[in-house]
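Asker: This is the structure I have questions about; it appears just below.
Okay, here's the thing in structure tokens:
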């Protein structure tokens, strides 16, 4: 288990590292927004069918190509487009960033009633 980060510092880190240049966070309207093509904006958080685990978020930050490869159906030539922040981001910043992003995801419940047979 990782040490706990700080949500406020995580939000600050999100801005400082330039994440807002391509990412919007669902439900957080007070982050800077840049004018980019709508199809290039990646929205983080919001309602999802499967939640992002702490480990998923860390992997997406330090190895963005892994996430893009999964989205691109296993293609390894897909460009993540995300700059490598591993040389500039501290471990504390990473923990703070994940602590900020993690609660932004809301897992949707199934749209069907579960069938139970004793």
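In this note's numbering, the protein residues as written are 3 to 120. By construction, the Cβ of each residue, glycine as well, lies at the ideal position given by its N, Cα and C atoms. The structure presented is a predicted model; accordingly, all values stated were derived computationally and were not measured.
1) Pull up the distance between the alpha-carbon of residue 104 and that of residue 55, whole angstroms please.
2) Does DSSP classify residue 57 as helix, strand or coil?
3) Can you grab the Cα-Cα spacing for the pair residue 102 / residue 68, in whole Å?
4) How should residue 79 be labelled, buried or exposed, when 16 other C-beta atoms within 10 angstroms of its C-beta is the threshold for buried?
5) Measuring CB to CB, does residue 36 end up less than 8 Å from residue 18?
6) For residue 47 and residue 106, which I take to be in contact (beta-carbon distance under 8 Å), what is that distance rounded to the nearest angstrom?
7) With H, G and I counted as helix, E and B as strand and the rest as coil, what does DSSP make of residue 18?
8) Apply the 10 Å Cβ neighbour rule to residue 84 and answer buried if 16 or more other Cβ atoms are within range, or exposed otherwise.
9) What do you reckon, are the CB atoms on residue 100 and residue 60 nearer than 8 Å?
Answerer: The answer reads as follows:
1) 8 Å
2) helix
3) Note on geometry: alpha-carbon atoms of residue 102 and residue 68 lie some 21 Å from one another.
4) Caution is warranted here: a pLDDT of 49 is assigned to residue 79, below 50, making its placement in the model unreliable, and no coordinate value can be reported.
5) no
6) 3 Å
7) helix
8) buried
9) yes
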